Amino acid sequence: MRVAVVSESFLPTVNGVTTSVCRVLEHLRDRGHQAIVIAPDAGAPSEFAGFPVHGVPAFAYRQFPVGIPSPQVLRLLTDFAPDVLHAASPLFLGAQAIAAATRIDTPSVAIFQTDVAGYARRNRLAATAPYVWRLVRWIHQGADLTLAPS
Numbered sequence: 001m002r003v004a005v006v007s008e009s010f011l012p013t014v015n016g017v018t019t020s021v022c023r024v025l026e027h028l029r030d031r032g033h034q035a036i037v038i039a040p041d042a043g044a045p046s047e048f049a050g051f052p053v054h055g056v057p058a059f060a061y062r063q064f065p066v067g068i069p070s071p072q073v074l075r076l077l078t079d080f081a082p083d084v085l086h087a088a089s090p091l092f093l094g095a096q097a098i099a100a101a102t103r104i105d106t107p108s109v110a111i112f113q114t115d116v117a118g119y120a121r122r123n124r125l126a127a128t129a130p131y132v133w134r135l136v137r138w139i140h141q142g143a144d145l146t147l148a149p150s
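Each residue of the sequence shown is one higher than the last, beginning at 1 in the working numbering.
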């Protein structure tokens, strides 16, 4: 199977999302699947678990890289032709990836791992929380499947 993993967070940032994505990639490798990673360009390695890592433009918010939607995402997905798109804790980059998956008729799975609206409220961005929730709902409604690990 060919899996495109799009993550809002990846190495060198270490958090729950990054750890989960790394475990998914190791599992895919161990089972003989093919994958690519698309994540914010914040000094990530060029590959992980034998899979290429593609960095997209990002800006830092409180030292956390935030991926910016880029034409590169659709191009990478089209060129790779995945069997499924795995969007890890999708927000801006994930929204673009889910839309691209729909455009290229690729099934998508969105993983709800982070309460981004709650994060916004706790970090002086409370006014953005309703908009963040709208975006998160739009993303998960656009995905073919949503998983919420606990």
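The beta-carbon is built from N, C-alpha and C at its ideal position, and this holds for glycine as well.
On a predicted model such as this, the values are computed, not experimentally measured, just so you know.
**Message:** Between G43 and P69, how many whole angstroms is the CB-CB distance? I'm expecting something under 8 Å.
**Reply:** Here residue 43 corresponds to residue number 43 of the sequence shown, with the count starting at 1. Here residue 69 corresponds to residue number 69 of the sequence shown, with the count starting at 1. That belief does not hold up - the Cβ atoms of G43 and P69 are roughly 20 Å apart, past 8 Å.
**Item:** Cα-Cα separation, G67 to A87
**Value:** For the purposes of this step, residue 67 is taken as the residue at position 67 of the sequence shown. For the purposes of this step, residue 87 is taken as the residue at position 87 of the sequence shown. Cα-Cα distance, rounded: 13 Å.
**Request:** Tell me, to the nearest whole angstrom, how far the beta carbon of V5 is from that of V37; I am working on the premise that it is less than 8 Å.
**Result:** By one-based count along the sequence shown, residue 5 stands at place 5. By one-based count along the sequence shown, residue 37 stands at place 37. Indeed, because the Cβ distance is near 5 Å, the residues count as touching under 8 Å.
**Prompt:** If we count the other Cβ atoms within 10 Å of its Cβ and call it buried at 16 or more, is A97 buried or exposed?
**Reply:** Here the question's residue 97 lines up with position 97 in the sequence shown. The residue in question, A97, is buried, as its Cβ has 16 or more Cβ neighbours within 10 Å.
**Request:** Helix, strand or coil for L11, going by three-state DSSP, please let me know.
**Result:** To locate residue 11, count along the sequence shown from 1; it is residue 11. Coil at L11, not helix or strand.
**Request:** Go to I38, then tell me how far its beta strand (DSSP E) extends in each direction, as first and last residue.
**Result:** The residue you call residue 38 lines up with position 38 of the sequence shown. Taken as a continuous stretch (DSSP letters only), the beta strand (DSSP E) holding I38 covers Q34 to P40.
**Where the alpha helix (DSSP H) through G94 begins and ends** = Position 94 of the sequence shown, counted from the first residue, corresponds to residue 94. Start and end: F92 to R103.
**Item:** Cβ contact check for the region 18-37 and the region 91-106: 3 or more pairs under 8 Å
**Value:** no
**Prompt:** Can you pull the DSSP bridge partners for G67?
**Reply:** Position 67 of the sequence shown, counted from the first residue, corresponds to residue 67. G67 is bridged to A58.
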